[in-house]
Structure formats: C-alpha cells, structure tokens
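Residues in the sequence shown are numbered consecutively from 9, following the working numbering.
As structure tokens, the structure follows; a few thoughts come after it.
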Amino acid sequence: MSTPSTAGRPAPLLGAADIRALAADLGVRPTKTLGQNFVIDGNTIRRIVAAAQLGSEETVLEVGPGLGSLTLGLLDAAERVVAVEIDPVLAGKLPDTIARWRPERVAALDVVLADALRVTALPHEPTALVANLPYNVAVPVVLNLLGRFPSLRHGLVMVQDEVADRLAAPPGSRTYGIPSAKSAWYSSMTKAGVIGMNVFWPAPRIASGLVRFVRREPPTTRASREEVFAVVDAAFAQRRKTLRAALAGWAGSPVLAEQALRAAGVDPTARGEVLDIAAFARIAEARVHAPAEAQNDAGTD
9 MSTPSTAGRP APLLGAADIR ALAADLGVRP TKTLGQNFVI DGNTIRRIVA
59 AAQLGSEETV LEVGPGLGSL TLGLLDAAER VVAVEIDPVL AGKLPDTIAR
109 WRPERVAALD VVLADALRVT ALPHEPTALV ANLPYNVAVP VVLNLLGRFP
159 SLRHGLVMVQ DEVADRLAAP PGSRTYGIPS AKSAWYSSMT KAGVIGMNVF
209 WPAPRIASGL VRFVRREPPT TRASREEVFA VVDAAFAQRR KTLRAALAGW
259 AGSPVLAEQA LRAAGVDPTA RGEVLDIAAF ARIAEARVHA PAEAQNDAGT
309 D
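Encoded structure:
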C-alpha cells in the first residue's frame, strides 16, 4: 500500500490544534483514570510508524486510538487497522475523523468498543500490535494480547520509559523482573527509542519509551504457561531471597524447592533476577511434573 500524499509530500496528520479542536467538539478532557495522553506531533507519529516496521499487507491492532493521531499514520502504512477503544465517545468519533482526513481509507478501519484487558475476539486477525498504551495498564495489556492473539507476530508499543526498560531488560540486569520474564515467554523485546514529554497533550511527567517485539516460540516444556508464570511470580515476590527460600511456598517446602531447582540445573542459592524464561520453565516442569514419590514428599528443613 502506498502512503497517501499531496504534491509529493507526506499525507497530513493531526497536530496540536487539530487534537484540541476535536477534544473541544466532543467535550473531552484527557483523564488520568484512562491514562489518556494524546500525541500532538505528526513527526512523532511518523517516527513510531517507521519504527514499527509494518508491511503494507498487514492488519494492525491499535489499543487506545484516542482521537486518531496514530490511527491515521497506521492507515497510511498498513492494509487494515483494528482499533480497540474503551471510551465510547472516542470510539464513536474515530470513524468520522478518518472519513475527514483519509476518506479513501474508511473501509480499512474497524473500531471495537472494548477493554483491551478483556477483549476476546476481533473482526480480523491482527499481525502487528502498535499502540500508545496507558502507563498504568501497559504490561498486563501487552501480555494479555500476546497470549490471546497468536496471530500477532511483531509490534511496537509506547509506554512509560521505565516500563519500556523493564519489558526489554535481559536476565541479570537491574531492571529485570516479572514483566521482562513473562514477555520473554512470547517474544524477544528490545528498546527502540525514547519519546519526550512535549509531544503529548497533556504532557506526562516522564518520558516514554518505544519497545519493539518479535514473536518467538516459548520454551519447550511440559509445564503450561500458567505453571511457569507461577514460578516467575514466586521468584520475584521476594527477589532478594535465594530461590530456595523464595520458591518454598510455591514448591511446598524449602527442601522441595531445592529438589526442583537442582533437577532443573539451577543453583538453589541464586536469585530469580539471573534466570531466563527457559530456566523458569525447567523449574516448573521439575516440580509440577516430578515423579509421584517426589510430589508426595513433604520435605522439611
């Protein structure tokens, strides 16, 4: 798909005055409850779309399209956009905005009025996720969508810069934790840039980070995703403790935790922050799928 243009120039995008005029027409004021910070700079939109590395044949899932600034850029780059919006006023206005700014692309937009944390079905299978996500729900939204829609092969999300660092953190780093480990079950994530505060209305108090991801197969294991994630949760609930101590409640006792760790080839005195997702999967498998006699061994210190 070619990008619409006028006299060789890129197609126009919403600017600060356009965003404020749309909001005024709707009687909308951005709310902290919904984490609404609207992008008001066209060059930032172009940067996000370019960083997403979209193919012209793709169907893009956008979460929280708001007033449509990023939606326009995505419609210029991809075959179709499925926009999930929780605010009924914004969801109702978005088709009108696209009709005004990209009349030739109206049929390429689907608007779904739903909470991205609860959405279970979409009108088209998305191949990419591109979104400016509310800071307070960014991680659960990303994990939910990756788990719910296996057709998502790659994407780019804009989140609070600190959250971006956590999502992309490798094992052993200071910021590695539950978001890093769980996102690694689905994909490889890398930091793709930082966005300043002044390109938003209202301006947030902290910079935003771009995180690019590419889907990959989860670790080969007999343990389910839920079983592996239970180990991750337990390991980081008390992250300064050794894994033998941190996993005692999950395993049933410190002795059973140590048995599972040694069976998985993991040092019981290590801490969760040094393990990759494959190691967490081995621990889950070693305990959950241990021989019956080991399962029945209560174990004591």
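By construction, the Cβ of each residue, glycine as well, lies at the ideal position given by its N, Cα and C atoms.
- [ ] Return helix, strand or coil for Asp118, following the three-state DSSP convention.
- [x] In this structure, Asp118 counts as strand in the three-state DSSP scheme.
Task: Spatial neighbours of Leu82 in its chain, beta-carbon cut-off 7 Å, leaving aside the 5 residues before and after - done: Within the same chain, and ignoring the five residues on either side of Leu82 in sequence, the residues whose Cβ sits closer than 7 Å to its Cβ are Val57, Val68, Glu70, Val89, Val138.
Open item on the list: Beta-carbon within less than 6 Å of Gly180's beta-carbon, same chain only, minus the 5 sequence neighbours each way: which residues are those?
Closed with: Within the same chain, Gly180 has close Cβ partners Val282.
Open item on the list: If distances are taken between C-alpha atoms only, which option among Phe208, Ala91, Tyr184 comes closest to Asp123?
Closed with: Comparing Cα positions, the closest option is Ala91.
Task: Rounded straight-line distance, which links the Cα of Val240 to that of Asp284 - done: Rounded to the nearest whole angstrom, the CA to CA distance from Asp284 to Val240 is 10 Å.
TODO: Could you please give me the residues that DSSP links to Gly163 through a beta bridge?
DONE: DSSP output for Gly163 lists Leu137, Phe221 as bridge partner(s).
Open item on the list: Between the region 187 to 201 and the region 214 to 224, can you find at least three pairs of beta-carbon atoms closer than 8 Å?
Closed with: In short, these stretches touch, since the Cβ pair count reaches three.
Open item on the list: Alpha carbons only, please: which of Arg54, His132, Ser77 is nearest the one belonging to Leu30?
Closed with: The shortest C-alpha separation from Leu30 is found at Ser77.
Task: Length at least 3, wholly inside the region 161 to 204: the beta strand (DSSP E) runs in chain order - done: If only complete runs of 3 or more residues are kept, the region 161 to 204 shows the beta strand (DSSP E) at 162 to 168, 195 to 203, in order along the chain.
Open item on the list: What residue range does the beta strand (DSSP E) around Ala91 cover?
Closed with: For Ala91, the enclosing beta strand (DSSP E) begins and ends at 88 to 93.
TODO: Hey, could you find the ends of the beta strand (DSSP E) Val68 is sitting in?
DONE: From DSSP, the beta strand (DSSP E) with Val68 extends over 67 to 71.
Task: Alpha carbon of Asp84 to alpha carbon of Pro227, nearest angstrom - done: Counting only the Cα atoms, Pro227 lies some 36 Å from Asp84.
TODO: Taking only the alpha-carbon atoms, compute the straight-line gap between Asn152 and Trp209 and give it to the nearest angstrom.
DONE: Cα-Cα distance, rounded: 27 Å.
Open item on the list: Using CA atoms only, rank isn't needed, just tell me which of Gly72, Arg223, Asn144, Val149 is closest to Asp118.
Closed with: Residue Gly72 is the option with its Cα nearest to Asp118.
TODO: Could you tell me the boundaries of the alpha helix (DSSP H) in which Leu21 lies?
DONE: Note, Leu21: premise wrong, no alpha helix (DSSP H); not H, not E.
Open item on the list: I need the DSSP call for Phe237, collapsed to helix, strand or coil.
Closed with: In the structure shown, the three-state DSSP call for Phe237 is helix.
Task: First and last residue of the uninterrupted alpha helix (DSSP H) at Phe157 - done: Taken as a continuous stretch (DSSP letters only), Phe157 belongs to no alpha helix (DSSP H), as it is neither H nor E.
Task: Same chain only: Cβ atoms within 6 Å of Arg230, ignoring 5 sequence neighbours per side - done: Hits under 6 Å: Glu293, His297.
- [ ] Please state if the CB of His162 and the CB of Ala146 are separated by a distance shorter than 8 Å.
- [x] No, Cβ-Cβ distance for Ala146 and His162 is not below 8 Å.
- [ ] Using a Cβ-Cβ cut-off of 8 Å, state whether Gly204 counts as contacting chain D.
- [x] Annotation note: the requested chain D is absent from the structure, which comprises a single protein chain.
Open item on the list: Let me confirm a value: Pro187 is counted as buried when at least 16 other C-beta atoms fall within 10 Å, else exposed. Which label applies?
Closed with: By the beta-carbon neighbour count (other beta carbons within 10 angstroms, threshold 16), Pro187 is buried.
Task: Beta-carbon gap between Val167 and Leu141 smaller than 8 Å - done: Yes, these two residues count as a Cβ contact at 8 Å.
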